[in-house]
Structures are given as structure tokens and as C-alpha cells.
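Note that the numbering used here has the sequence shown beginning at 165, numbered continuously upward. One structure is given here, and the rest of the page talks about it.
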Amino acid sequence: MSSVINTNVKSIVAQNAMSVNNRSMSKAMEQLSTGKRINTAADDAAGLAIANRMTSQIKALNQSVRNANDGISMMQTAEGATKEITNMLQRMRELSVQAANDTYGTTDREAIKTEIDELASEVTRIAENTQWNGMSILGGGASYDTMTFQVGTEGDSTSSITVAFQAMDSTALTVSSLDVSSNSDAQASVIDIDAAITAVDQFRSTLGAKVNRMTSAADNLANVAMNTSASRSQIEDTDYAQATTELARTQIIQQASTAMLAQANQQPQSVLSLLK
165 MSSVINTNVK
175 SIVAQNAMSV
185 NNRSMSKAME
195 QLSTGKRINT
205 AADDAAGLAI
215 ANRMTSQIKA
225 LNQSVRNAND
235 GISMMQTAEG
245 ATKEITNMLQ
255 RMRELSVQAA
265 NDTYGTTDRE
275 AIKTEIDELA
285 SEVTRIAENT
295 QWNGMSILGG
305 GASYDTMTFQ
315 VGTEGDSTSS
325 ITVAFQAMDS
335 TALTVSSLDV
345 SSNSDAQASV
355 IDIDAAITAV
365 DQFRSTLGAK
375 VNRMTSAADN
385 LANVAMNTSA
395 SRSQIEDTDY
405 AQATTELART
415 QIIQQASTAM
425 LAQANQQPQS
435 VLSLLK
């Protein structure tokens, strides 16, 4: 083996080995400190792209769950109000049946009508003041209408659920001007109130069905988001068992490389002994 001074090949080899090992050690330390296997595109370009797409999907799924829950809250608010309206209508019907009995005179029927009118006004008050996020959802000339709830991640009709809200005030239910001044008028009022109760019941049934559908949609979205998050974790998160093993390996190699570099740097000194 030749003895040279200007070029210490062993030292260069040791330095290169240390440089490569230091990069591996730094990468292991970065993965352990960030909890991410992929921190830059250089770590895994394809994996980074897939993980980013999954992140977008997860965020959209989580927002869709919130959208569904907001829709459920809105419909539950409407359903609670219609329950009270039903109570008012049932009392109005009871009074109309009472007024249909000819044992009651004009004064008695006027007293009954006064209560019926007050109940009709309360029906309207409930309808007009039932709001969600500032929107009147049961009528009274405000913003009741068809509403669309985005419960999916795509921009098409398959990702939404539409709910048609209805006016529930006494005018819309045709019970705002009931007449119970005679037997026949009171009987006609009973028929009108029955129609109103049926309309409210049908609307409540629709709300209940939509709530159940939206609840199922929210549960499914949450499940998909959970599974997508698990898949993303497999791609981008640090495997701590593997990373700690890699860190220990590179630290040992670093210590050995440092020792070998020190010996390689001492090699030219042996040439001096030939000059003595």
C-alpha cells in the first residue's frame, strides 16, 4: 500500500460515510420530533400527494358532518314548535266541539270564540318567532322555503338533502277566523281544524323522516372520515418503533465513523516516521 500525504483517501471515505449517516440520523430525528414520516416532498413525493388529497377529503367530511348536525338542529327546532302548535289546535278543536252544542247560548259562544281567537294568535306567534340562525322557518311572511343541506363532499345533488319548510301560522292553516256562533258554524270549524291538524302532522312526519335520514348521513360521514384518517396515518405518520430503531442505528454508526475518521486522519503522521 502506498503512503501519501496530500490525499487521505481513508479520511475522505470516512467523511462521506459520516455525511450519509448524518442525513439518515437527521431524518430519523425529524420524524420522531414531528410525528410525521413525510415532512417534505423529498421524503415521499407520491405519498405526500396522496396524504394531501386525503386531508382535503377529511376536512370536507368533517364539515359535512357539522352541516348535517346543523340541519338536524334546525329541523328539531321546527318540530318542537309544531308540537306546541298541535297542542293549540287540539284545544281549539275541543272548544269548537263544545260550541257546537246548542246548550250554549250566544254569550257563551262569544266567550268560547274569544279563547279560540287567542289560541289562533298564539299559533301565529309561535310560527313567526320560530327561528334558527335568524331565519324564520315556519312562515309568517319571513324566510320559510326549501333549504338544501350539504351532507357530502362533492358538488352535486347526491351530496345534499333538501327540506321544504312550510308556513304554520293560523292564516296558512286556515284557522285564523273560525266562527262558532252557531251549531253549523262550530261544526264547520271542527272540520277546518281537523284539516290543520292533519297538515301539521304531515309536516312533522316529513321533518322526522328527514332528521332520521340526516342522522344516518352524519354517522356514515363520521365513519368515512375516521377510516380515511386511519389510511392517511399509515401513509404520513411516523412508525415510532421503526424510527427509534433507525435513530439508534445511525447514532452507533456515527460514533464508529467518528472513531474511524480520527484514525484515518492520523494516517499521514505515520509517513513522517519514514523521514526521520
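Every residue gets a Cβ at the ideal spot worked out from N, C-alpha and C, and that includes glycine. Given the structure is predicted, the values throughout are model-derived calculations rather than measurements.
Going by alpha carbons, who is nearest to aspartate 401 out of Gln240, Glu194, Phe367?
Here the closest residue by C-alpha is Glu194.
Coil, strand or helix - valine 327 by DSSP:
Valine 327 falls in the strand class under three-state DSSP.
So what does DSSP say about threonine 335, is it helix, strand or coil?
Note: threonine 335 maps to coil in three-state DSSP.
For a quick check, are the C-beta atoms of serine 228 and glycine 316 less than 8 Å apart?
Yes, they are a contact pair.
Proximity winner among Gln240, Ser190, Ile236, relative to serine 380 (alpha-carbon distances)
When each option's Cα is compared against that of serine 380, the closest is Ile236.
For the beta strand (DSSP E) holding threonine 270, just list the boundary residues, first then last.
Careful: threonine 270 lies outside any beta strand (DSSP E), inside the alpha helix (DSSP H) at 270-293.
Only counting the same chain, and skipping five residues up and downstream in sequence, which positions put a Cβ closer than 8 Å to that of glycine 269?
Correct list: empty, nothing qualifies.
Evaluate contact between the segment 338-348 and the segment 213-224, counting only Cβ atoms and requiring at least three cross-stretch pairs below 8 Å.
At 8 Å Cβ cutoff, the stretches do not touch.
Local conformation of threonine 312 per DSSP, three classes
For threonine 312, the three-state secondary structure derived from DSSP is strand.
Run through the DSSP bridge pairs and tell me what isoleucine 365 is partnered with.
It should be noted that the sequence gives aspartate, not isoleucine, for residue 365. Aspartate 365 is bridged by DSSP to nothing; it lacks a bridge partner.
State the DSSP-derived secondary structure class of serine 421, mapped to helix, strand or coil.
DSSP places serine 421 in helix when its eight states are reduced to three.
Let me know the secondary structure DSSP gives serine 346 once reduced to three states.
Correct three-state label for serine 346: coil.
Determine the burial state of arginine 257: buried for a count of at least 16 other Cβ atoms within 10 Å of its Cβ, exposed for fewer.
Counting C-beta atoms within 10 angstroms of its own C-beta, arginine 257 has 16 or more neighbours from the protein chains shown and is therefore classed as buried.
When the Cα atoms are used, what is the spatial distance from phenylalanine 367 to arginine 217?
When rounded, the distance between both Cα atoms is 41 Å.
If you measure between the beta carbons of threonine 288 and threonine 310, is that distance less than 8 Å?
Contact flag unset, no.
For asparagine 265, is the classification buried or exposed, using 16 other Cβ atoms within 10 angstroms of its Cβ as the cut-off for buried?
Exposed, because fewer than 16 other Cβ atoms sit within 10 Å of the Cβ of asparagine 265.
Express the C-alpha separation of alanine 232 and valine 339 in angstroms, rounding to a whole number.
Our two residues, valine 339 and alanine 232, have alpha carbons roughly 34 Å apart in a direct line.
Find out if the Cβ-Cβ distance for the pair methionine 182, leucine 425 is shorter than 8 Å.
Yes; because the gap between Cβ atoms is below 8 Å, this pair is in contact.
Compare the beta carbon distance of leucine 302 and methionine 252 with 8 Å and say whether it is the shorter of the two.
Between leucine 302 and methionine 252, the CB-CB gap reaches or exceeds 8 Å.
What three-state label does DSSP hand serine 353 in the structure shown?
Helix, per DSSP.
Under a Cβ-count criterion, where at least 16 other Cβ atoms within 10 Å of its own Cβ denotes burial, should aspartate 383 be classed as buried or exposed?
Counting other Cβ atoms within 10 Å of its Cβ, aspartate 383 stays below 16 and is therefore classed as exposed.
Report the rounded CA-to-CA distance for serine 323 versus glutamate 279, giving the unit in angstroms.
As the crow flies, the alpha-carbon of serine 323 is around 47 Å from that of glutamate 279.
Glutamate 318 - containing alpha helix (DSSP H), residue span
In this chain, glutamate 318 is not harboured by any alpha helix (DSSP H), its DSSP state being neither H nor E.
Please report how far the alpha carbon of isoleucine 416 lies from the alpha carbon of alanine 210, in whole angstroms.
Answer to the nearest angstrom: the Cα atoms are 31 Å apart.
Going straight from the alpha carbon of arginine 273 to that of serine 321, what length do you get?
Cα to Cα, the separation comes out at about 53 Å.
Quick one: what's aspartate 401 bridged to in DSSP?
Lys200.
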